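So my numbering is basically just the index in the sequence shown, starting at one, shifted up by 18.
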Amino acid sequence: MSEICVITGGGSGMGLAAAKYMPKEKVIVVSGRTLSKLENAVKEIEESGHKAYAHTCDTSDRNSVIELAEFCAGLGDITNVINAAGLSPAMAKQEQLLRVNALGTVYINEEFSKRMKKGGVILDVSSNSAYVLPKFLINEKQYALAETDEEMFLKKMIKKSNLAKSDYNKAGFAYALSKNFVLWYAKKCAKEYGKNGIRVLSLSPGLIATDMGNLEASAAGDMISKTAEKRMGKPEELGYAIATAADERNGYLAGVDILCDGGATTLARM
Ligand SMILES: NC(=O)c1ccc[n+]([C@@H]2O[C@H](COP(=O)([O-])OP(=O)(O)OC[C@H]3O[C@@H](n4cnc5c(N)ncnc54)[C@H](OP(=O)(O)O)[C@@H]3O)[C@@H](O)[C@H]2O)c1
19 MSEICVITGG
29 GSGMGLAAAK
39 YMPKEKVIVV
49 SGRTLSKLEN
59 AVKEIEESGH
69 KAYAHTCDTS
79 DRNSVIELAE
89 FCAGLGDITN
99 VINAAGLSPA
109 MAKQEQLLRV
119 NALGTVYINE
129 EFSKRMKKGG
139 VILDVSSNSA
149 YVLPKFLINE
159 KQYALAETDE
169 EMFLKKMIKK
179 SNLAKSDYNK
189 AGFAYALSKN
199 FVLWYAKKCA
209 KEYGKNGIRV
219 LSLSPGLIAT
229 DMGNLEASAA
239 GDMISKTAEK
249 RMGKPEELGY
259 AIATAADERN
269 GYLAGVDILC
279 DGGATTLARM
């Protein structure tokens with residue numbers, strides 16, 4: 019039976035970089051909304067020695083996620099799920115950011131965990147933006163609504179993000195909330211799915227030179243000055259960090275967030 023590693027957002031950036039570092043015996047499924055991007059990614063991944071498939075999916079649509087999960091389960095045992103699909107403040111408004119980054123993570127974790135066996139791993143990509151929110155804005159009871167009352171969850175999060183003045187900052191707030199949600203949700207899933215032998219963790223990149231990172235770089239300029247080496251991260255550095263954290267040989271790494279941001283968050287607090 020083939021071992022399947024599915025990577026949402028695998029058509030570009032860190033997700034694509036991670037694919038190339040996965041063990042060669044894994045069959046890789048890259049997913050995203052744009053088929054042409056995925057087809058190019060498959061070519062690159064196959065050149066690195068893997069068998070790979072492209073399958074479109076919009077992670078903000080549960081039915082689309084179910085369809086992806088069924089496709090993957092039909093190929094073999096789903097052993098690794100890397101959820102790197104995401105949108106940033108320059109790409110979307112508050113609601114869409116929350117739907118993709120937060121609710122998309124719920125759909126991916128729920129639908130894939132049902133189809134995975136003991137020993138599987140789910141890695142959700144968050145962001146170091148998750149660490150910038152003031153404590154009074156973080157409310158886990160409201161986060162729990164994402165599983166029970168999506169519309170109320172969105173309403174509460176959008177209301178908080180409206181505290182910001184400009185449209186870009188409102189989106190920035192919604193992004194930070196969506197990614198802070200991912201930290202909390204990955205820990206919750208680690209506890210719940212751990213009983214079935216499925217390991218869950220999150221990883222929070224800093225500013226990384228992908229399509230998304232380059233788009234956000236001017237707005238996030240002072241983040242670079244806070245890193246230890248005064249530079250953006252490289253997609254391949256994050257790809258390696260993601261692939262090793264999601265590798266079964268790292269089997270005791272669960273219920274944590276790996277902050278991979280060149281030291282920016284830690285150094286800013288010193
Ligand atoms: N780059 C940074 O500086 C940075 C920093 C912190 C966190 N992150 C996070 O890291 C992850 C990877 O981003 P990246 O930097 O590698 O950027 P990227 O190259 O833009 O990759 C993001 C991918 O997500 C896909 N995507 C977007 N919306 C989607 C949806 N609704 N359903 C399925 N796929 C969707 C995009 O493909 P389509 O548009 O074709 O769907 C794209 O391939 C994201 O979660 C991002 O929030 C990035």
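Yeah, the Cβ is synthetic: ideal placement off N, Cα and C, and Gly gets one too. Since the structure is predicted, the reported quantities are computational estimates derived from the model, not experimental observations.
Any non-hydrogen atom of ligand 1 within 7 Å of residue i CB
{"i": "Gly41", "result": "The sequence given here places Pro at residue 41; Gly does not occur at that position. Pro41: no, Cβ never under 7 Å from ligand 1."}
{"i": "Asp275", "result": "no"}
{"i": "Ala102", "result": "yes"}
{"i": "Leu225", "result": "yes"}
{"i": "Leu105", "result": "yes"}
{"i": "Gly212", "result": "no"}
{"i": "Asp240", "result": "no"}
{"i": "Lys55", "result": "yes"}
{"i": "Cys75", "result": "yes"}
{"i": "Arg249", "result": "no"}
{"i": "Glu255", "result": "no"}
C-alpha distance - residue i paired with residue j, whole-angstrom precision
{"i": "Ala182", "j": "Thr284", "result": "25 Å"}
{"i": "Ala204", "j": "Ile276", "result": "12 Å"}
{"i": "Val139", "j": "Lys213", "result": "13 Å"}
{"i": "Ala272", "j": "Lys174", "result": "29 Å"}
{"i": "Glu158", "j": "Trp202", "result": "8 Å"}
{"i": "Val274", "j": "Ile156", "result": "18 Å"}
{"i": "Ala162", "j": "Glu43", "result": "37 Å"}
{"i": "Ser184", "j": "Ser145", "result": "21 Å"}
{"i": "Ala227", "j": "Lys252", "result": "6 Å"}
Under 8 Å between C-beta atoms of residue i and residue j
{"i": "Gly94", "j": "Ile22", "result": "yes"}
{"i": "Thr74", "j": "Ser54", "result": "no"}
{"i": "Val118", "j": "Ala102", "result": "no"}
{"i": "Tyr193", "j": "Leu115", "result": "yes"}
{"i": "Ala237", "j": "Tyr186", "result": "yes"}
Assigned exposure category for residue i - 16 Cβ within 10 Å defines buried
{"i": "Gly31", "result": "buried"}
{"i": "Asn180", "result": "exposed"}
{"i": "Arg217", "result": "buried"}
{"i": "Lys153", "result": "exposed"}
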